[in-house]
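J.: Protein chains in written order, with the working numbering: chain A, 16 to 402; chain B, 16 to 402. Heads up, the beta-carbon is just placed ideally off N, CA and C, and yes, glycines get one too. All of these numbers come straight from a predicted model, not from anything done at the bench.
#1: Looking at chain B, which residues of the stretch 91–112 of chain A have a Cβ within less than 7 angstroms of any of its Cβ atoms?
#2: Counting contacts by CB-CB distance shorter than 8 angstroms, is residue 78 of chain A in contact with chain B?
#3: Check whether the Cβ atoms of residue 129 of chain B and residue 36 of chain B sit closer than 8 angstroms, and answer yes or no.
#4: What do you reckon, are the CB atoms on residue 274 of chain A and residue 260 of chain A nearer than 8 angstroms?
#5: Look at the alpha carbon of residue 292 of chain B and the alpha carbon of residue 336 of chain B, and state the distance between them as a whole number of angstroms.
#6: Answer yes or no: does any C-beta atom of chain B fall closer than 8 angstroms to that of residue 260 of chain A?
#7: Hey, which unbroken runs of the beta strand (DSSP E) at 3 residues or more fall wholly within the stretch 187–241 of chain A?
#8: Mind checking whether the beta-carbon of residue 318 of chain B lies closer than 7 angstroms to any heavy atom of the ligand NAP?
#9: Looking at the unbroken alpha helix (DSSP H) that takes in residue 251 of chain A, where does it start and where does it end?
#10: Mind the definition here: the stretch 320–331 of chain A touches the stretch 195–207 of chain A only if three or more C-beta pairs lie below 8 angstroms; say whether that holds.
#11: Return yes when the Cβ of residue 67 of chain A is within less than 8 angstroms of the Cβ of residue 387 of chain A, no when it is not.
#12: Should residue 95 of chain A go down as buried or exposed, given a rule of 16 or more other Cβ atoms within 10 Å for buried?
#13: If the cut-off is 9 angstroms on Cβ atoms, which residues from the stretch 143–160 of chain A count as contacting chain D, listed in chain order?
#14: Figure out for me which residue from B:45, B:390, B:136, B:298 has the closest Cα to the Cα of residue 376 of chain B.
#15: Between residue 31 of chain B and residue 228 of chain B, how many whole angstroms is the CB-CB distance? I'm expecting something under 8 angstroms.
#16: Under a CB-based cut-off of 8 angstroms, is residue 135 of chain B close to chain A?
#17: Check the DSSP bridge columns for residue 65 of chain B and list the partner residues they point to.
#18: Can you tell me which of the three DSSP states residue 376 of chain B falls into?
#19: Can residue 86 of chain A and residue 45 of chain A be called in contact, C-beta distance under 8 angstroms?
#20: Just the C-alpha distance for residue 124 of chain A and residue 272 of chain B, rounded to the nearest angstrom, thanks.
#21: Please determine, among A:127, A:343, A:351, A:399, the residue with the shortest C-alpha to C-alpha distance to residue 381 of chain A.
#22: Just reading off the alpha helix (DSSP H) that residue 356 of chain B is part of, what are its end residues?
#23: Starting from the C-beta of residue 120 of chain B, find all residues in its chain whose C-beta is less than 6 angstroms away, skip the five residues before and the five after it, and write them out in chain order.
#24: What's the gap between the Cα of residue 91 of chain B and the Cα of residue 81 of chain B?
#25: Determine the closest residue to residue 304 of chain B out of B:165, B:100, B:290, B:51, with distance taken between C-alpha atoms.
#26: Rounding to the nearest angstrom, what Cα-Cα distance links residue 266 of chain A and residue 99 of chain A in this structure?
#27: Is there a Cβ of chain A sitting closer than 8 angstroms to that of residue 293 of chain B, yes or no?
#28: On the DSSP bridge list, what partners appear for residue 322 of chain A?
#29: Quick one: what does DSSP say residue 149 of chain B is sitting in, helix, strand or coil?
#30: Are the C-beta atoms of residue 126 of chain B and some chain A residue less than 8 angstroms apart?
#31: If contact is defined by three or more beta carbon pairs under 8 angstroms, each pair taking one atom from either stretch, is the stretch 273–289 of chain B in contact with the stretch 237–251 of chain B?
#32: What's the gap between the Cα of residue 38 of chain A and the Cα of residue 151 of chain B?
#33: Anyone know if the C-beta pair for residue 353 of chain B and residue 103 of chain B falls short of 8 angstroms?
#34: Going by DSSP in three states, residue 388 of chain A sits in which element: helix, strand or coil?
#35: Anything in chain B within Cβ reach of residue 85 of chain A, meaning under 8 angstroms, just list it in chain order.
#36: In whole angstroms, what is the alpha-carbon distance linking residue 392 of chain B and residue 338 of chain A?
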């Protein structure tokens with residue numbers, strides 16, 4: 016790419032069951048992102064914006080990208096909504112990178128937003144399955160937890176494993192979430208608690224599932240030339256990769272990994288010219304605990320069937336060899352769908368600048384984010400580093 | 016931009032009340048686009064894709080962009096859904112241009128799709144207002160025709176005009192549509208017929224409103240270097256411009272024009288380095304007849320308050336000085352929301368290559384497309400030429 020992009024500011028609301036409406040959440044994340052820029056700048060310098068959201072299309076506020084111009088206070092700003100289910104944020108970020116790399120835009124705002132609670136029941140039920148396949152799975156009654164339950168069954172069966180590694184993912188991510196003031200769940204849990212929690216979709220229990228959360232996140236990207244005007248420590252986007260797979264899980268060749276994640280990671284590493292060994296930590300899409308195990312393998316950080324052992328060894332803890340989800344992940348931080356991919360970038364921004372507070376990964380210099388749409392039908396991977 | 020983008024193929028289904036489901040429509044437009052490429056190529060060479068659609072998000076098929084990889088038969092293809100209400104297609108096209116210009120992708124498919132009929136009533140009612148402002152207008156009962164009725168009232172009142180120019184837009188676009196085998200309405204109408212049609216939202220009558228249509232369109236874009244491998248007559252994207260405005264019409268400074276259209280046009284002309292006088296014809300967003308008049312003024316092809324006289328003079332007819340909507344426009348061709356912006360690019364592709372058949376604009380060498388989201392809350396303008 017011609018112009019490299021870098022993050023120069025980031026904002027984040029609390030994730031959870033929140034009293035605020037969508038405009039308040041969006042405005043809050045956007046203002047915080049602007050306020051976080053090291054040196055003063057005029058919002059009017061922003062020349063393009065992306066809104067990542069699932070609900071803010073047809074069924075909630077229509078033509079919602081235009082809200083960004085209103086909340087940013089930049090009349091006339093070019094606004095685009097990107098929607099790829101739970102991967103909306105990651106894909107919106109890639110569009111921003113393209114806009115900058117093409118030379119078409121210089122300072123681009125990406126915001127992710129979802130208001131999932133306090134909506135009518137008719138609308139709320141969409142969350143149950145709207146990200147997975149509609150025609151063959153959702154309409155047959157398969158919920159989203161149901162899909163991941165099937166994947167978990169296949170995985171545990173194929174590798175002859177129990178539920179301990181799943182529980183360990185939950186324990187670790189709750190431990191990290193307890194240190195994140197924006198997390199939906201800021202409390203530790205015990206492995207026994209996770210193992211004994213009520214089943215949601217066998218073998219997944221309550222603590223294997225991420226919550227339904229409200230929230231918003233925003234990041235401000237600039238070309239490297241412009242970034243230097245606003246901060247001495249921009250966080251560079253080194254590489255991006257994206258891929259897709261069959262929408263319906265039943266039409267895939269296998270259930271124990273996501274081909275889209277593998278392809279996206281391959282492209283991202285190639286475009287970044289980076290090696291797995293150079294990555295300081297990962298933010299992966301753990302909408303269910305099984306998804307974190309699949310991600311570790313798909314991204315090439317664990318051999319097939321070995322992510323459970325890696326997790327149980329403690330290697331993915333904040334002080335481990337390859338920390339995973341230091342912000343608590345979707346599991347503990349929460350998963351306001353469109354906001355999630357942008358929230359991952361927010362975490363990377365702070366970790367790589369050393370400003371992540373008590374959950375700081377010591378000496379983090381590079382990171383990979385992994386954002387999955389549906390049950391692996393779309394995937395966006397991004398690799399970052401600090402100069 | 017570093018790499019200039021060009022269209023090398025285009026496909027289009029019939030627009031109308033169609034028996035086909037969404038997959039069939041999408042597949043048909045995509046296959047036709049691939050089949051239209053002058054020299055043979057492998058679909059696997061496509062390295063990114065965009066789906067423009069309003070309904071194919073939450074309320075119809077979820078995570079819908081992944082369908083593109085399935086219908087194109089390219090497993091793993093990176094797929095992104097772009098949704099900016101009625102301007103989804105125009106904005107998706109701009110994202111494709113960025114992806115190519117950035118050097119990140121080389122051959123990009125953009126498809127637009129909507130299945131608006133034969134859906135449940137609960138879902139169908141979304142079409143009535145989902146593109147306009149939700150919080151203050153739709154929820155207060157203002158339909159989309161109602162919004163444009165207010166704009167038309169303000170316009171006719173401000174310039175002391177009758178409904179004749181509105182009717183003339185309908186007559187002209189029906190005349191063009193009658194020559195377009197893909198148009199929803201392929202029949203001419205008389206001005207008296209338009210003037211006497213039942214009122215939908217005063218002063219707009221039935222013939223002032225575009226229909227609710229099913230349909231899909233697709234275009235294949237390539238970098239200019241790659242385009243030359245596939246055709247001797249690529250249609251170049253010379254410039255793009257996009258802008259937004261307040262979502263709610265009531266919050267705007269004026270009702271007799273769209274500031275977003277003006278800003279988008281200004282940016283597009285600047286980035287293309289083109290003059291208005293060099294444009295051979297326009298494809299503008301005439302969801303209601305009043306919208307074509309506003310577009311002519313906002314884009315700078317008529318003075319304020321003068322678009323009616325220009326239209327009544329015959330200047331915008333196919334054989335006029337500046338032909339507008341030679342394909343019949345949204346008014347006669349139909350308006351399957353996400354497909355519309357892509358359909359405009361399809362028309363430009365054929366007109367600039369001289370393959371538009373009986374509706375050909377003689378000697379067309381350049382064109383401008385204008386795609387509006389909601390009642391002017393977002394707008395994408397694109398300028399094209401043939402080598």
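T.: Walking through what the data contain:
#1: 91, 92, 93, 94, 95, 96, 97, 98, 99, 100, 106, 110
#2: Mapped onto the first chain, residue 78 of chain A falls at position 63. Yes, because at least one Cβ of chain B sits closer than 8 angstroms to the Cβ of residue 78 of chain A.
#3: If you number the second chain from 1, residue 129 of chain B lands on position 114. If you number the second chain from 1, residue 36 of chain B lands on position 21. Contact flag unset, no.
#4: Sequence index remark: in the first chain, residue 274 of chain A carries index 259 (1-based). Sequence index remark: in the first chain, residue 260 of chain A carries index 245 (1-based). Cβ distance < 8 angstroms, so residue 274 of chain A and residue 260 of chain A count as in contact.
#5: Within the second chain, the letter at position 277 stands for residue 292 of chain B. Within the second chain, the letter at position 321 stands for residue 336 of chain B. Rounded to whole angstroms, residue 292 of chain B to residue 336 of chain B spans 10 angstroms at the Cα level.
#6: For the purposes of this step, residue 260 of chain A is identified with residue 245 of the first chain, where counting begins at 1. Closer than 8 angstroms: yes.
#7: 214–216, 230–238
#8: For the ligand NAP, the structure offers nothing, since it holds no ligand at all.
#9: For the purposes of this step, residue 251 of chain A is identified with residue 236 of the first chain, where counting begins at 1. Not the alpha helix (DSSP H): residue 251 of chain A falls in the beta strand (DSSP E), residues 250–259.
#10: Because the criterion of three Cβ pairs below 8 angstroms is not met, the stretch 320–331 of chain A and the stretch 195–207 of chain A do not touch.
#11: Reading the first chain from its first residue, position 372 is the one you call residue 387 of chain A. Reading the first chain from its first residue, position 52 is the one you call residue 67 of chain A. No, the Cβ-Cβ distance between residue 387 of chain A and residue 67 of chain A is not below 8 angstroms.
#12: In the first chain, counting from the first residue as 1, residue 95 of chain A sits at position 80. The residue in question, residue 95 of chain A, is buried, as its Cβ has 16 or more Cβ neighbours within 10 Å.
#13: Note that chain D does not occur in the displayed structure, where the protein chains are A and B.
#14: Translated into positions along the second chain, residue 376 of chain B becomes position 361. Here the closest residue by C-alpha is B:298.
#15: Your numbering for residue 31 of chain B matches position 16 in the second chain. Your numbering for residue 228 of chain B matches position 213 in the second chain. About 6 angstroms; that satisfies the 8 angstroms criterion.
#16: Taking the first residue of the second chain as 1, we reach residue 135 of chain B at position 120. Closer than 8 angstroms: no.
#17: What you label residue 65 of chain B is simply residue 50 of the second chain in a count that begins at 1. DSSP lists B:95, B:125 as partners of residue 65 of chain B.
#18: As a position in the second chain, residue 376 of chain B is number 361, starting the count at 1. It is coil, neither helix nor strand.
#19: Here residue 86 of chain A refers to the residue found at position 71 when the first chain is read from its first residue. Here residue 45 of chain A refers to the residue found at position 30 when the first chain is read from its first residue. With contacts defined by Cβ atoms closer than 8 angstroms, residue 86 of chain A and residue 45 of chain A form a contacting pair.
#20: For this step, residue 124 of chain A is matched to residue 109 along the first chain. For this step, residue 272 of chain B is matched to residue 257 along the second chain. When rounded, the distance between both Cα atoms is 27 angstroms.
#21: Indexing the first chain from 1 puts residue 381 of chain A at position 366. Of A:127, A:343, A:351, A:399, the residue nearest in Cα terms is A:399.
#22: Your numbering for residue 356 of chain B matches position 341 in the second chain. Bounds of the alpha helix (DSSP H) holding residue 356 of chain B are 352–367.
#23: Start at 1 with the first residue of the second chain, and residue 120 of chain B comes out as number 105. So the list reads 62, 63, 114, once near-sequence residues are dropped.
#24: Position 76 of the second chain holds residue 91 of chain B. Position 66 of the second chain holds residue 81 of chain B. Roughly 9 angstroms between the two C-alpha positions.
#25: Counting from one through the second chain, the residue named residue 304 of chain B turns up at place 289. The residue with the shortest Cα to Cα distance from residue 304 of chain B is B:165.
#26: The sequence position of residue 266 of chain A within the first chain is 251, counting from 1. The sequence position of residue 99 of chain A within the first chain is 84, counting from 1. Annotation: residue 266 of chain A to residue 99 of chain A spans about 19 angstroms, alpha carbon to alpha carbon.
#27: Counting from one through the second chain, the residue named residue 293 of chain B turns up at place 278. No, because no Cβ of chain A sits closer than 8 angstroms to the Cβ of residue 293 of chain B.
#28: Looking up residue 322 of chain A in the first chain gives position 307. For residue 322 of chain A, which the question treats as bridged, DSSP gives no partner whatsoever.
#29: Start at 1 with the first residue of the second chain, and residue 149 of chain B comes out as number 134. Residue state, collapsed to three classes: coil.
#30: Taking the first residue of the second chain as position 1, residue 126 of chain B is located at position 111. Chain A contact via Cβ: absent.
#31: Contact fails: fewer than three Cβ-Cβ distances are below 8 angstroms.
#32: Locating residue 38 of chain A in the first chain gives position 23, where the first residue counts as 1. Locating residue 151 of chain B in the second chain gives position 136, where the first residue counts as 1. Approximately 13 angstroms, taken between the alpha carbons.
#33: Indexing the second chain from 1 puts residue 353 of chain B at position 338. Indexing the second chain from 1 puts residue 103 of chain B at position 88. Yes. Within cutoff.
#34: In the first chain, counting from the first residue as 1, residue 388 of chain A sits at position 373. Looking at residue 388 of chain A - three-state DSSP - the assignment turns out to be strand.
#35: Position 70 of the first chain holds residue 85 of chain A. Result: 261, 262.
#36: Position 377 of the second chain, counting from 1, holds the residue named residue 392 of chain B. Position 323 of the first chain, counting from 1, holds the residue named residue 338 of chain A. Cα-Cα distance, rounded: 43 angstroms.
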